[in-house]
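K.L.:
So that we are looking at the same thing, I have put the structure below in structure tokens.
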Amino acid sequence: MCVGCGRCIATCNFDAISNAVDADSGILNRRMAEYAKAVVQGRPQFHISIVNQVSPCCDCHGENDAAVVPDIGMFASFDPVALDKACIDAVNAAPVIASSVLGQCDHAAHDHFTSIHPTTDWRGQIRHAEAIGLGSGEYELITL
Numbered sequence: 672m673c674v675g676c677g678r679c680i681a682t683c684n685f686d687a688i689s690n691a692v693d694a695d696s697g698i699l700n701r702r703m704a705e706y707a708k709a710v711v712q713g714r715p716q717f718h719i720s721i722v723n724q725v726s727p728c729c730d731c732h733g734e735n736d737a738a739v740v741p742d743i744g745m746f747a748s749f750d751p752v753a754l755d756k757a758c759i760d761a762v763n764a765a766p767v768i769a770s771s772v773l774g775q776c777d778h779a780a781h782d783h784f785t786s787i788h789p790t791t792d793w794r795g796q797i798r799h800a801e802a803i804g805l806g807s808g809e810y811e812l813i814t815l
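Written out as structure tokens, the structure reads:
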């Protein structure tokens with residue numbers, strides 16, 4: 672019955688569930704792009720993301736920590752991949768909250784996501800989403 676969403680792993684407080692030895696976060700990232708495409712394909716769509724209280728882990732983690740960057744704002748696009756990439760770029764360009772988990776990391780590369788989760792390649796999800804035709808990581812940011 673598993674659909675590969677990873678929610679059970681993220682929410683289990685006892686580490687009773689884990690990925691198979693040969694599984695990695697890249698598989699989960701690719702599946703999320705594929706599931707998103709299945710939902711929007713052939714349908715009119717418009718996407719909105721609110722980038723505030725950016726936490727070090729997925730919001731589904733009950734033990735999540737405080738925000739790692741200041742609140743950034745609202746983004747919108749007809750292209751979900753461009754929207755995700757714009758949000759990622761904005762977070763990476765934001766100053767780090769010194770008292771946060773990220774403030775305690777070595778973030779010389781200015782990739783906040785990789786600094787917090789060095790074994791997870793968020794770029795893989797963007798690449799796969801582009802490859803399957805979900806959208807494009809290219810965007811023009813219009814600030815209002």
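The opening position of the sequence shown corresponds to residue 672 in our numbering, with each subsequent residue numbered one higher.
Positions of the beta carbon are idealized from the N, C-alpha and C atoms, including for glycine.
#1: Tell whether a beta-carbon distance below 8 Å holds between V740 and A765.
#2: Taking its Cβ as the centre, do 16 or more other Cβ atoms sit within 10 Å of L700, making it buried, or is it exposed?
#3: Measure the C-alpha to C-alpha separation of F746 and V762 and round it to an integer number of angstroms.
#4: Tell me whether the stretch 749-761 and the stretch 801-811 touch, counting them as touching only if at least three CB pairs, one residue from each stretch, are closer than 8 Å.
#5: G744 lies in the beta strand (DSSP E); which residues open and close that run?
#6: Can you give me the Cβ contacts of Q724 inside the same chain, cut-off strictly under 8 Å, excluding the 5 residues immediately before and after it?
#7: Hey, I787 and C776: beta-carbon distance below 8 Å or not?
#8: Consult DSSP for S720 and reduce its assignment to one of helix, strand or coil.
#9: Out of N684, D730 and G697, which has the shortest C-alpha to C-alpha gap to L793?
#10: For T682, name the three-state secondary structure that DSSP assigns.
#11: Is it true that the CB of H783 sits closer than 8 Å to the CB of L773?
#12: My output table needs one value for C758: the three-state DSSP class, helix, strand or coil.
#13: Looking at the structure shown, is N763 part of a helix, part of a strand, or coil, going by DSSP?
P.N.:
Considering the structure as presented:
#1: As a working note, residue 740 is residue 69 in the sequence shown. As a working note, residue 765 is residue 94 in the sequence shown. Yes, they are a contact pair.
#2: On the sequence shown, residue 700 is found 29 positions in, with the first residue counted as 1. One point to set straight first is that residue 700 is Asn, not Leu, in the sequence displayed. Buried.
#3: On the sequence shown, position 75 is the one that residue 746 refers to. On the sequence shown, position 91 is the one that residue 762 refers to. About 12 Å.
#4: yes
#5: As a first step, residue 744 must be located in the sequence shown, where it is residue number 73. Counting along the chain, the beta strand (DSSP E) containing G744 begins and ends at G744 to S748.
#6: On the sequence shown, position 53 is the one that residue 724 refers to. Excluding sequence neighbours, Q724 sits near A738 and D742.
#7: The residue labelled residue 787 in the question sits at position 116 within the sequence shown. The residue labelled residue 776 in the question sits at position 105 within the sequence shown. Yes, they are a contact pair.
#8: Taking the sequence shown and counting its residues from 1, one reaches residue 720 at position 49. Of the three classes helix, strand and coil, the one that applies to S720 here is strand, per DSSP.
#9: If you number the sequence shown from 1, residue 793 lands on position 122. Reading off the sequence shown, one finds Trp at residue 793, where the question assumed Leu. When each option's Cα is compared against that of W793, the closest is G697.
#10: In the sequence shown, the residue the question calls residue 682 occupies position 11. Note: T682 maps to helix in three-state DSSP.
#11: The residue labelled residue 773 in the question sits at position 102 within the sequence shown. The residue labelled residue 783 in the question sits at position 112 within the sequence shown. In contact: L773 and H783 (Cβ atoms closer than 8 Å).
#12: Translated into positions along the sequence shown, residue 758 becomes position 87. Helix at C758.
#13: In the sequence shown, counting from the first residue as 1, residue 763 sits at position 92. Three-state result, N763: helix.
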